[in-house]
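Enquirer: Numbering-wise, full-length UniProt numbering puts 99 at position 99 of the sequence shown, and it's gapless, one number per residue. Yeah, the Cβ is synthetic: ideal placement off N, Cα and C, and Gly gets one too. Remember, predicted model here, so these are calculated numbers, not experimental data.
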Amino acid sequence: MTGLPDEKGYFGRFGGRFLPETLMPAVEELTAAYLKVKDDPKFKGELRYYLKYYVGRPSPLYYAQRLTGHLGGARIYLKREDLNHTGAHKINNTIGQVLLARTMGKKRVIAETGAGQHGVATATAAALFNLECDIYMGEVDIERQAVNVSRMKLLGARVIPVTSGSRTLKDAMNEAIRDWVTNVNNTYYVLGSVGGPHPYPMMVRDFQSIIGEETKKQLWELERRLPDYVVACVGGGSNAIGIFNSFLEDREVKLVGVEAAGEGLESGRHAATLTAGSPGVLHGSYTYVLQNEDGQILNAHSVSAGLDYPGVGPEHSYLKETGRVDYVAVTDEEALEAFHLLTRTEGILPALESAHALAWVVKKAPELSPEDIVVVNLSGRGDKDLATVMQLGGGEGNVR
1 MTGLPDEKGY FGRFGGRFLP ETLMPAVEEL TAAYLKVKDD PKFKGELRYY LKYYVGRPSP
61 LYYAQRLTGH LGGARIYLKR EDLNHTGAHK INNTIGQVLL ARTMGKKRVI AETGAGQHGV
121 ATATAAALFN LECDIYMGEV DIERQAVNVS RMKLLGARVI PVTSGSRTLK DAMNEAIRDW
181 VTNVNNTYYV LGSVGGPHPY PMMVRDFQSI IGEETKKQLW ELERRLPDYV VACVGGGSNA
241 IGIFNSFLED REVKLVGVEA AGEGLESGRH AATLTAGSPG VLHGSYTYVL QNEDGQILNA
301 HSVSAGLDYP GVGPEHSYLK ETGRVDYVAV TDEEALEAFH LLTRTEGILP ALESAHALAW
361 VVKKAPELSP EDIVVVNLSG RGDKDLATVM QLGGGEGNVR
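Listed below in C-alpha coordinates is the structure:
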(Lines of atoms letter the chains of each structure in order from A; the text may use other names.)
(Lines give C-alpha, C1' and ligand atoms only; values in the text may rest on other atoms or scores of the structure.)
Protein backbone atom coordinates (compact mmCIF):
# COMPACT_ATOMS: atom_id res chain seq x y z
CA MET A 1 0.00 0.00 0.00
CA THR A 2 1.27 3.46 -0.90
CA GLY A 3 -0.38 5.51 1.86
CA LEU A 4 -1.76 7.67 -0.94
CA PRO A 5 -3.61 9.76 -1.96
CA ASP A 6 -2.59 12.85 0.01
CA GLU A 7 -5.26 15.00 1.63
CA LYS A 8 -5.93 16.79 -1.66
CA GLY A 9 -6.43 13.52 -3.49
CA TYR A 10 -3.11 13.24 -5.32
CA PHE A 11 -1.10 10.12 -6.11
CA GLY A 12 2.21 11.82 -6.80
CA ARG A 13 1.30 14.31 -9.55
CA PHE A 14 -1.87 12.43 -10.56
CA GLY A 15 -5.44 12.67 -9.30
CA GLY A 16 -6.96 15.75 -7.67
CA ARG A 17 -10.23 17.47 -8.52
CA PHE A 18 -10.78 19.19 -11.87
CA LEU A 19 -14.47 20.04 -11.65
CA PRO A 20 -16.97 22.86 -12.17
CA GLU A 21 -17.50 24.94 -9.04
CA THR A 22 -21.06 23.65 -8.73
CA LEU A 23 -19.76 20.16 -7.95
CA MET A 24 -17.08 21.09 -5.41
CA PRO A 25 -19.52 21.15 -2.45
CA ALA A 26 -20.78 17.72 -3.50
CA VAL A 27 -17.34 16.07 -3.56
CA GLU A 28 -16.41 17.79 -0.30
CA GLU A 29 -19.60 16.46 1.29
CA LEU A 30 -18.84 13.01 -0.11
CA THR A 31 -15.25 13.09 1.16
CA ALA A 32 -16.32 14.08 4.66
CA ALA A 33 -19.01 11.40 4.72
CA TYR A 34 -16.63 8.67 3.57
CA LEU A 35 -13.84 9.63 5.98
CA LYS A 36 -16.39 9.58 8.80
CA VAL A 37 -17.56 6.00 8.11
CA LYS A 38 -14.55 4.24 6.58
CA ASP A 39 -13.21 3.10 9.94
CA ASP A 40 -16.53 3.14 11.79
CA PRO A 41 -17.17 -0.34 13.27
CA LYS A 42 -20.91 -0.16 12.56
CA PHE A 43 -20.43 0.74 8.87
CA LYS A 44 -17.64 -1.81 8.41
CA GLY A 45 -19.70 -4.49 10.11
CA GLU A 46 -22.70 -3.83 7.89
CA LEU A 47 -20.49 -3.88 4.78
CA ARG A 48 -18.89 -7.17 5.84
CA TYR A 49 -22.33 -8.66 6.44
CA TYR A 50 -23.59 -7.88 2.94
CA LEU A 51 -20.33 -8.93 1.27
CA LYS A 52 -20.48 -12.32 3.00
CA TYR A 53 -24.17 -13.17 2.98
CA TYR A 54 -25.38 -11.26 -0.10
CA VAL A 55 -22.38 -11.05 -2.45
CA GLY A 56 -21.01 -14.47 -1.47
CA ARG A 57 -17.52 -13.58 -0.33
CA PRO A 58 -14.87 -14.80 0.00
CA SER A 59 -14.65 -15.67 -3.69
CA PRO A 60 -12.57 -18.82 -4.32
CA LEU A 61 -8.93 -18.90 -5.40
CA TYR A 62 -8.94 -21.75 -7.91
CA TYR A 63 -5.95 -23.71 -9.22
CA ALA A 64 -6.46 -23.97 -13.00
CA GLN A 65 -4.90 -27.40 -13.43
CA ARG A 66 -5.90 -28.06 -17.05
CA LEU A 67 -4.92 -24.57 -18.22
CA THR A 68 -1.60 -24.94 -16.41
CA GLY A 69 -1.03 -28.33 -18.06
CA HIS A 70 -1.99 -27.00 -21.49
CA LEU A 71 0.40 -24.06 -21.35
CA GLY A 72 3.26 -25.67 -19.43
CA GLY A 73 5.42 -23.57 -17.15
CA ALA A 74 4.01 -21.61 -14.24
CA ARG A 75 1.15 -22.76 -12.03
CA ILE A 76 -1.93 -20.60 -12.69
CA TYR A 77 -4.50 -19.61 -10.10
CA LEU A 78 -7.75 -17.76 -10.84
CA LYS A 79 -9.30 -15.36 -8.33
CA ARG A 80 -12.97 -16.08 -9.04
CA GLU A 81 -14.64 -12.66 -8.85
CA ASP A 82 -16.94 -13.99 -11.59
CA LEU A 83 -18.69 -16.06 -8.91
CA ASN A 84 -19.87 -13.01 -6.97
CA HIS A 85 -23.58 -12.18 -6.98
CA THR A 86 -24.27 -10.32 -10.28
CA GLY A 87 -21.20 -11.92 -11.85
CA ALA A 88 -18.33 -9.48 -11.40
CA HIS A 89 -16.16 -7.60 -8.92
CA LYS A 90 -18.31 -4.48 -9.41
CA ILE A 91 -20.73 -5.48 -6.65
CA ASN A 92 -18.00 -5.03 -3.97
CA ASN A 93 -17.93 -1.32 -4.74
CA THR A 94 -21.60 -0.69 -5.30
CA ILE A 95 -22.66 -2.27 -2.03
CA GLY A 96 -20.15 -0.02 -0.25
CA GLN A 97 -21.17 3.16 -2.08
CA VAL A 98 -24.91 2.58 -1.80
CA LEU A 99 -24.53 1.94 1.92
CA LEU A 100 -22.69 5.28 2.06
CA ALA A 101 -25.44 6.99 0.02
CA ARG A 102 -27.97 5.72 2.55
CA THR A 103 -26.01 7.15 5.47
CA MET A 104 -25.92 10.49 3.62
CA GLY A 105 -29.70 10.49 3.27
CA LYS A 106 -29.71 10.33 -0.53
CA LYS A 107 -32.89 8.92 -2.08
CA ARG A 108 -31.64 8.53 -5.66
CA VAL A 109 -28.51 6.97 -7.15
CA ILE A 110 -27.13 7.31 -10.66
CA ALA A 111 -24.30 5.50 -12.43
CA GLU A 112 -22.58 5.10 -15.77
CA THR A 113 -21.80 1.75 -17.32
CA GLY A 114 -19.98 0.30 -20.31
CA ALA A 115 -20.10 -3.48 -20.18
CA GLY A 116 -23.20 -3.26 -18.05
CA GLN A 117 -21.78 -5.03 -15.01
CA HIS A 118 -21.44 -1.82 -12.97
CA GLY A 119 -24.94 -0.82 -14.01
CA VAL A 120 -26.34 -4.19 -12.97
CA ALA A 121 -24.45 -4.05 -9.67
CA THR A 122 -25.71 -0.51 -8.96
CA ALA A 123 -29.30 -1.43 -9.87
CA THR A 124 -29.01 -4.49 -7.62
CA ALA A 125 -27.79 -2.49 -4.63
CA ALA A 126 -30.44 0.18 -5.26
CA ALA A 127 -33.16 -2.48 -5.28
CA LEU A 128 -31.77 -4.01 -2.09
CA PHE A 129 -31.86 -0.67 -0.27
CA ASN A 130 -35.01 0.71 -1.98
CA LEU A 131 -33.44 3.68 -3.79
CA GLU A 132 -34.44 5.25 -7.11
CA CYS A 133 -31.85 4.36 -9.76
CA ASP A 134 -30.92 5.78 -13.19
CA ILE A 135 -28.14 4.28 -15.33
CA TYR A 136 -26.43 6.12 -18.21
CA MET A 137 -25.21 3.88 -21.02
CA GLY A 138 -23.93 4.59 -24.52
CA GLU A 139 -26.06 3.39 -27.45
CA VAL A 140 -23.22 1.23 -28.78
CA ASP A 141 -22.87 -0.51 -25.43
CA ILE A 142 -26.65 -0.92 -25.09
CA GLU A 143 -26.60 -2.85 -28.35
CA ARG A 144 -23.69 -5.14 -27.45
CA GLN A 145 -24.77 -5.68 -23.84
CA ALA A 146 -28.50 -6.22 -24.34
CA VAL A 147 -28.78 -8.89 -21.66
CA ASN A 148 -27.39 -6.60 -18.98
CA VAL A 149 -29.74 -3.81 -20.10
CA SER A 150 -32.66 -6.18 -19.51
CA ARG A 151 -31.27 -7.14 -16.10
CA MET A 152 -31.04 -3.48 -15.04
CA LYS A 153 -34.63 -2.81 -16.12
CA LEU A 154 -35.90 -5.90 -14.30
CA LEU A 155 -34.16 -4.64 -11.17
CA GLY A 156 -36.18 -1.43 -11.40
CA ALA A 157 -33.56 0.91 -12.87
CA ARG A 158 -34.14 3.30 -15.73
CA VAL A 159 -31.51 2.88 -18.46
CA ILE A 160 -30.88 6.20 -20.21
CA PRO A 161 -29.31 5.87 -23.70
CA VAL A 162 -26.43 8.24 -24.46
CA THR A 163 -26.29 9.27 -28.11
CA SER A 164 -23.41 11.78 -28.04
CA GLY A 165 -19.79 11.25 -29.02
CA SER A 166 -18.67 7.65 -29.49
CA ARG A 167 -21.82 6.46 -27.62
CA THR A 168 -19.71 4.39 -25.22
CA LEU A 169 -18.49 4.57 -21.61
CA LYS A 170 -16.73 7.97 -21.86
CA ASP A 171 -19.91 9.65 -23.04
CA ALA A 172 -22.07 7.84 -20.48
CA MET A 173 -19.78 9.20 -17.76
CA ASN A 174 -20.11 12.74 -19.18
CA GLU A 175 -23.91 12.50 -18.94
CA ALA A 176 -23.84 11.05 -15.42
CA ILE A 177 -21.70 13.97 -14.24
CA ARG A 178 -24.12 16.44 -15.87
CA ASP A 179 -27.02 14.77 -14.04
CA TRP A 180 -25.11 14.95 -10.76
CA VAL A 181 -24.48 18.70 -11.21
CA THR A 182 -28.21 19.28 -11.71
CA ASN A 183 -29.53 17.02 -8.94
CA VAL A 184 -26.77 17.01 -6.37
CA ASN A 185 -29.08 17.71 -3.43
CA ASN A 186 -30.88 14.37 -3.54
CA THR A 187 -28.64 12.27 -5.80
CA TYR A 188 -25.58 10.12 -5.12
CA TYR A 189 -23.30 9.29 -8.08
CA VAL A 190 -22.06 5.68 -7.82
CA LEU A 191 -18.87 5.89 -9.87
CA GLY A 192 -17.81 2.49 -11.13
CA SER A 193 -14.04 2.61 -11.34
CA VAL A 194 -10.98 4.16 -9.70
CA GLY A 195 -11.20 7.26 -11.90
CA GLY A 196 -12.93 10.60 -11.46
CA PRO A 197 -12.29 13.30 -8.87
CA HIS A 198 -11.10 12.72 -5.31
CA PRO A 199 -12.38 10.87 -3.25
CA TYR A 200 -13.61 8.32 -5.84
CA PRO A 201 -10.20 6.78 -6.75
CA MET A 202 -9.44 6.26 -3.04
CA MET A 203 -12.92 5.12 -2.09
CA VAL A 204 -13.41 2.63 -4.93
CA ARG A 205 -9.91 1.21 -4.29
CA ASP A 206 -10.75 0.74 -0.63
CA PHE A 207 -14.00 -1.10 -1.43
CA GLN A 208 -12.24 -3.32 -4.00
CA SER A 209 -9.15 -4.04 -1.89
CA ILE A 210 -10.89 -7.05 -0.39
CA ILE A 211 -9.93 -8.92 -3.59
CA GLY A 212 -6.21 -8.70 -2.84
CA GLU A 213 -6.66 -9.23 0.90
CA GLU A 214 -8.45 -12.52 0.26
CA THR A 215 -6.02 -13.60 -2.47
CA LYS A 216 -3.00 -13.13 -0.23
CA LYS A 217 -4.57 -15.10 2.60
CA GLN A 218 -5.90 -17.86 0.35
CA LEU A 219 -2.63 -18.42 -1.49
CA TRP A 220 -0.76 -18.57 1.80
CA GLU A 221 -3.14 -21.27 3.01
CA LEU A 222 -2.63 -23.23 -0.23
CA GLU A 223 1.05 -22.67 -1.00
CA ARG A 224 2.58 -21.01 2.10
CA ARG A 225 4.08 -18.28 -0.06
CA LEU A 226 3.43 -15.17 -2.11
CA PRO A 227 2.75 -15.37 -5.86
CA ASP A 228 5.44 -14.48 -8.39
CA TYR A 229 3.00 -12.60 -10.62
CA VAL A 230 -0.39 -10.97 -10.05
CA VAL A 231 -2.15 -10.10 -13.31
CA ALA A 232 -5.33 -8.11 -13.99
CA CYS A 233 -6.96 -6.30 -16.90
CA VAL A 234 -7.04 -2.49 -16.86
CA GLY A 235 -9.71 -0.25 -18.32
CA GLY A 236 -10.54 2.26 -15.62
CA GLY A 237 -8.66 -0.13 -13.37
CA SER A 238 -10.82 -1.02 -10.35
CA ASN A 239 -10.35 -4.79 -10.39
CA ALA A 240 -6.60 -4.32 -10.90
CA ILE A 241 -6.20 -1.87 -8.03
CA GLY A 242 -8.36 -4.17 -5.93
CA ILE A 243 -6.02 -7.12 -6.26
CA PHE A 244 -2.74 -5.14 -6.52
CA ASN A 245 -3.28 -3.09 -3.37
CA SER A 246 -2.35 -5.83 -0.91
CA PHE A 247 0.87 -6.66 -2.79
CA LEU A 248 2.30 -3.17 -3.42
CA GLU A 249 4.80 -3.45 -0.56
CA ASP A 250 5.83 -7.00 -1.50
CA ARG A 251 8.45 -5.95 -4.05
CA GLU A 252 9.23 -9.56 -5.00
CA VAL A 253 5.70 -9.92 -6.42
CA LYS A 254 5.55 -8.71 -10.02
CA LEU A 255 2.33 -6.82 -10.79
CA VAL A 256 1.09 -6.72 -14.38
CA GLY A 257 -1.80 -4.61 -15.70
CA VAL A 258 -3.09 -5.63 -19.13
CA GLU A 259 -4.73 -3.02 -21.35
CA ALA A 260 -6.70 -3.41 -24.57
CA ALA A 261 -4.57 -3.02 -27.71
CA GLY A 262 -7.75 -3.44 -29.76
CA GLU A 263 -6.86 -3.83 -33.44
CA GLY A 264 -3.21 -3.04 -32.64
CA LEU A 265 -1.44 -0.03 -31.13
CA GLU A 266 -0.29 1.13 -34.56
CA SER A 267 -3.89 1.05 -35.88
CA GLY A 268 -5.01 3.85 -33.58
CA ARG A 269 -8.05 1.72 -32.66
CA HIS A 270 -7.21 0.68 -29.12
CA ALA A 271 -7.80 1.55 -25.45
CA ALA A 272 -4.21 1.24 -24.21
CA THR A 273 -4.16 4.47 -22.22
CA LEU A 274 -1.06 3.80 -20.11
CA THR A 275 0.83 2.08 -22.91
CA ALA A 276 0.18 4.66 -25.64
CA GLY A 277 -1.39 7.70 -23.95
CA SER A 278 -0.05 10.77 -22.15
CA PRO A 279 -1.00 12.80 -19.05
CA GLY A 280 -4.08 15.00 -19.26
CA VAL A 281 -7.41 15.74 -17.57
CA LEU A 282 -10.48 13.55 -17.98
CA HIS A 283 -13.62 13.27 -15.85
CA GLY A 284 -12.26 15.32 -12.99
CA SER A 285 -8.75 13.96 -12.48
CA TYR A 286 -5.25 14.31 -13.92
CA THR A 287 -4.14 10.99 -15.30
CA TYR A 288 -3.02 9.23 -18.46
CA VAL A 289 -5.50 9.68 -21.31
CA LEU A 290 -5.73 9.08 -25.03
CA GLN A 291 -5.54 12.53 -26.64
CA ASN A 292 -4.42 14.27 -29.80
CA GLU A 293 -1.79 17.02 -30.09
CA ASP A 294 -4.42 19.64 -29.19
CA GLY A 295 -5.41 17.82 -26.01
CA GLN A 296 -8.73 16.59 -27.40
CA ILE A 297 -9.76 13.21 -25.98
CA LEU A 298 -9.68 10.46 -28.60
CA ASN A 299 -12.19 7.67 -29.01
CA ALA A 300 -11.06 4.34 -27.60
CA HIS A 301 -11.71 0.90 -29.08
CA SER A 302 -11.84 -2.56 -27.58
CA VAL A 303 -13.82 -5.70 -28.29
CA SER A 304 -14.56 -5.51 -24.57
CA ALA A 305 -17.09 -2.82 -23.64
CA GLY A 306 -15.65 -2.59 -20.13
CA LEU A 307 -12.18 -1.64 -21.40
CA ASP A 308 -13.42 0.77 -24.08
CA TYR A 309 -12.40 3.93 -22.20
CA PRO A 310 -9.75 6.59 -23.05
CA GLY A 311 -8.66 7.21 -19.44
CA VAL A 312 -7.51 5.28 -16.39
CA GLY A 313 -7.55 5.69 -12.62
CA PRO A 314 -4.86 8.15 -11.43
CA GLU A 315 -3.28 5.66 -9.04
CA HIS A 316 -2.43 3.48 -12.04
CA SER A 317 -0.68 6.46 -13.63
CA TYR A 318 1.35 6.86 -10.43
CA LEU A 319 2.19 3.14 -10.31
CA LYS A 320 3.29 3.26 -13.95
CA GLU A 321 5.64 6.19 -13.44
CA THR A 322 7.10 4.74 -10.23
CA GLY A 323 7.66 1.43 -12.03
CA ARG A 324 5.84 -0.64 -9.41
CA VAL A 325 3.41 -2.08 -11.98
CA ASP A 326 4.20 -3.13 -15.54
CA TYR A 327 1.47 -2.17 -17.99
CA VAL A 328 1.23 -4.12 -21.23
CA ALA A 329 -1.39 -4.50 -23.95
CA VAL A 330 -2.95 -7.39 -25.87
CA THR A 331 -5.14 -7.28 -28.97
CA ASP A 332 -8.80 -8.15 -29.47
CA GLU A 333 -7.74 -11.29 -31.31
CA GLU A 334 -5.44 -12.44 -28.51
CA ALA A 335 -8.17 -11.84 -25.93
CA LEU A 336 -10.70 -13.85 -27.94
CA GLU A 337 -8.23 -16.74 -28.22
CA ALA A 338 -7.74 -16.67 -24.45
CA PHE A 339 -11.52 -16.60 -23.97
CA HIS A 340 -11.83 -19.85 -25.92
CA LEU A 341 -8.83 -21.43 -24.25
CA LEU A 342 -10.15 -20.98 -20.71
CA THR A 343 -13.64 -22.04 -21.79
CA ARG A 344 -12.42 -25.32 -23.28
CA THR A 345 -9.76 -26.19 -20.71
CA GLU A 346 -11.53 -25.22 -17.47
CA GLY A 347 -15.22 -24.91 -18.37
CA ILE A 348 -15.18 -21.24 -17.37
CA LEU A 349 -16.40 -18.46 -19.68
CA PRO A 350 -14.44 -15.36 -18.70
CA ALA A 351 -15.60 -11.82 -19.35
CA LEU A 352 -13.81 -10.35 -22.36
CA GLU A 353 -12.21 -7.89 -19.93
CA SER A 354 -10.67 -10.74 -17.94
CA ALA A 355 -9.70 -12.52 -21.17
CA HIS A 356 -7.19 -9.72 -21.79
CA ALA A 357 -5.36 -10.58 -18.57
CA LEU A 358 -5.49 -14.25 -19.48
CA ALA A 359 -4.07 -13.53 -22.93
CA TRP A 360 -0.91 -12.11 -21.37
CA VAL A 361 -0.62 -15.17 -19.14
CA VAL A 362 -1.03 -17.46 -22.17
CA LYS A 363 2.08 -15.86 -23.67
CA LYS A 364 4.10 -15.60 -20.44
CA ALA A 365 3.39 -18.80 -18.51
CA PRO A 366 5.27 -21.19 -20.87
CA GLU A 367 8.44 -19.11 -20.32
CA LEU A 368 8.27 -19.58 -16.54
CA SER A 369 9.24 -22.42 -14.20
CA PRO A 370 6.72 -24.88 -12.72
CA GLU A 371 7.83 -23.45 -9.39
CA ASP A 372 6.46 -20.04 -10.37
CA ILE A 373 2.92 -19.03 -9.40
CA VAL A 374 0.75 -16.67 -11.42
CA VAL A 375 -2.55 -15.32 -10.05
CA VAL A 376 -5.05 -13.88 -12.52
CA ASN A 377 -7.97 -11.80 -11.35
CA LEU A 378 -10.97 -13.24 -13.18
CA SER A 379 -12.97 -10.07 -12.72
CA GLY A 380 -16.22 -11.17 -14.38
CA ARG A 381 -18.04 -13.92 -16.23
CA GLY A 382 -18.51 -14.02 -19.97
CA ASP A 383 -22.23 -14.65 -20.33
CA LYS A 384 -22.74 -10.96 -21.07
CA ASP A 385 -20.26 -11.15 -23.97
CA LEU A 386 -21.73 -14.14 -25.80
CA ALA A 387 -23.42 -12.00 -28.48
CA THR A 388 -20.12 -10.25 -29.24
CA VAL A 389 -18.18 -13.52 -29.32
CA MET A 390 -20.72 -15.21 -31.59
CA GLN A 391 -20.82 -12.20 -33.95
CA LEU A 392 -17.06 -12.56 -34.33
CA GLY A 393 -17.42 -16.21 -35.29
CA GLY A 394 -16.61 -17.33 -31.79
CA GLY A 395 -18.61 -20.53 -31.65
CA GLU A 396 -15.80 -22.67 -33.01
CA GLY A 397 -13.16 -22.81 -30.33
CA ASN A 398 -10.29 -25.11 -31.31
CA VAL A 399 -8.64 -26.09 -28.05
CA ARG A 400 -8.46 -29.77 -27.13
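Can you give me the start and stop residues for the alpha helix (DSSP H) that Ser354 sits inside?
Expert: It spans 352-364 - the alpha helix (DSSP H) in which Ser354 sits, taken as one unbroken run.
Enquirer: Near Glu293, what residues of its chain come up, given a Cβ to Cβ distance below 8 Å and the 5 sequence neighbours on each side ignored?
Expert: No residues qualify anywhere along the chain.
Enquirer: Looking at the strands, I want to know which residues DSSP matches up with Val230.
Expert: According to DSSP, which records beta bridges pairwise, Val230 is partnered with Leu255, Val375.
Enquirer: Enumerated in chain order, which unbroken segments of the alpha helix (DSSP H) with a length of 4 residues or greater are wholly contained in the segment 52-83?
Expert: Complete alpha helix (DSSP H) runs here, min 4: 65-71.
Enquirer: Would Glu175 be called buried (16 or more neighbouring beta carbons within 10 Å of its own) or exposed?
Expert: It is buried - the Cβ of Glu175 has at least 16 other Cβ atoms within 10 Å.
Enquirer: In chain order, what residues of the same chain lie with their CB nearer than 6 Å to the CB of Ala64, ignoring the 5 residues before and after it?
Expert: Cβ neighbours of Ala64 beyond the five flanking positions: Ile76, Leu78, Glu346.
Enquirer: Indicate the three-state DSSP secondary structure (helix, strand or coil) for Arg324 in the structure shown.
Expert: Looking at Arg324 - three-state DSSP - the assignment turns out to be coil, as it is neither helix nor strand.
Enquirer: Could you tell me the alpha carbon to alpha carbon distance between Leu169 and Gly235, rounded to whole angstroms?
Expert: Those two C-alpha atoms are separated by around 11 Å.
Enquirer: Hey, Ala300 and Tyr288 are a contact pair by Cβ (cut 8 Å); roughly how many whole angstroms apart?
Expert: About 12 Å separates the two Cβ atoms, so there is no contact after all.
Enquirer: Measuring alpha carbon to alpha carbon, tell me which residue in Glu143, Val140, Thr124 is nearest Asp134.
Expert: The shortest Cα separation from Asp134 among Glu143, Val140, Thr124 belongs to Thr124.
Enquirer: Distance, Cα to Cα, Ser164 vs Pro314?
Expert: Approximately 25 Å between the Cα atoms of the pair.
Enquirer: Is there contact here, the segment 330-341 with the segment 192-205, by at least three beta-carbon pairs under 8 Å?
Expert: These segments do not touch.
Enquirer: If you drop the 5 nearest sequence neighbours on each side, which residues of the same chain put their C-beta closer than 8 Å to that of Lys384?
Expert: Hits under 8 Å: Gly87, Ala115, Gly116, Gln117, Gln145, Val147, Asn148, Ala351.
Enquirer: According to DSSP, Arg108 sits in a beta bridge with which residue or residues?
Expert: Arg108 is bridged to Glu132, Thr187.
Enquirer: Hey, is the segment 268-280 in contact with the segment 325-332, meaning 3+ C-beta pairs nearer than 8 Å?
Expert: The segment 268-280, when compared against the segment 325-332, does touch it at the 8 Å Cβ threshold.
Enquirer: Just to confirm, is the Cβ distance from Val162 to Gly196 under 7 Å?
Expert: Not a contact, by the Cβ cut-off of 7 Å.
Enquirer: Enumerate in chain order the residues of its own chain whose CB-to-CB distance from Gly284 is below 7 Å, with the five nearest sequence positions on each side excluded.
Expert: Within the same chain, Gly284 has close Cβ partners Arg17, Phe18, Leu19, Gly196, Pro197.
Enquirer: Please go through the same chain and pick out, in chain order, the residues whose beta-carbon is closer than 7 Å to the beta-carbon of Leu319, but skip the five residues on each side of it.
Expert: If we look at Leu319 and ignore the five residues flanking it on each side, its Cβ neighbours are Val325.
Enquirer: Identify whether Ala123 lies in helix, strand or coil by the three-state DSSP scheme.
Expert: In this structure, Ala123 counts as helix in the three-state DSSP scheme.
Enquirer: So, are the CB atoms of Glu334 and Ala359 less than 7 Å apart?
Expert: Yes, the Cβ-Cβ distance between Glu334 and Ala359 is below 7 Å.
Enquirer: Could you round the C-beta distance between Leu131 and Val159 to whole angstroms and report it? I think they count as a contact, below 8 Å.
Expert: That belief does not hold up - the Cβ atoms of Leu131 and Val159 are roughly 16 Å apart, past 8 Å.
Enquirer: So if DSSP puts Tyr10 in a beta bridge, which residue, or which two residues, is it bridged to?
Expert: Answer by DSSP bridge pairing, in chain order: Gly15.
Enquirer: At what residues does the beta strand (DSSP E) containing Ile210 begin and finish?
Expert: Looking at the DSSP string, Ile210 is not in any beta strand (DSSP E); the run it does join, the alpha helix (DSSP H), is 210-223.
Enquirer: Given this structure, state the Cα-to-Cα distance separating Leu248 from Gln218, to the nearest angstrom.
Expert: Straight-line Cα distance between these residues: approximately 17 Å.
Enquirer: For residue 406, count neighbouring C-beta atoms within 10 Å of its own C-beta (all shown protein chains included) and say buried if the count is 16 or more, exposed if not.
Expert: Since the first residue of the chain shown is 1 and the last is 400, residue 406 is not available in this structure.
Enquirer: With 16 other CB atoms within 10 Å as the buried threshold, where does Ala32 fall?
Expert: Result: exposed.
Enquirer: Within its chain, find whatever has a CB closer than 7 Å to the CB of Gly212; leave out the 5 residues flanking it on each side and keep chain order.
Expert: Same-chain partners within the cutoff: Gly242, Ile243, Phe244, Asn245, Ser246, Phe247.
Enquirer: With three or more C-beta pairs closer than 8 Å as the rule, is the segment 371-379 touching the segment 225-234?
Expert: Taking 8 Å as the limit for Cβ pairs, the verdict is that the segment 371-379 does touch the segment 225-234.
Enquirer: Please specify which runs of the alpha helix (DSSP H), each continuous and at least 4 residues long, are wholly inside the segment 256-295, giving them in chain order.
Expert: 273-276, all fully within the segment 256-295.
Enquirer: For Asp141, I'd like the list of residues in its chain whose CB is within less than 6 Å of its CB, leaving aside the five on either flank, ordered along the chain.
Expert: Excluding positions up to five away in sequence, the list reads Gly114, Thr168, Ala305.
Enquirer: Starting from Arg158 and walking both ways along the beta strand (DSSP E), at which residues does that stretch end?
Expert: Looking at the DSSP string, the run of the beta strand (DSSP E) that includes Arg158 is 158-162.
Enquirer: Measure the C-alpha to C-alpha separation of Pro5 and Gly12 and round it to an integer number of angstroms.
Expert: Answer to the nearest angstrom: the Cα atoms are 8 Å apart.
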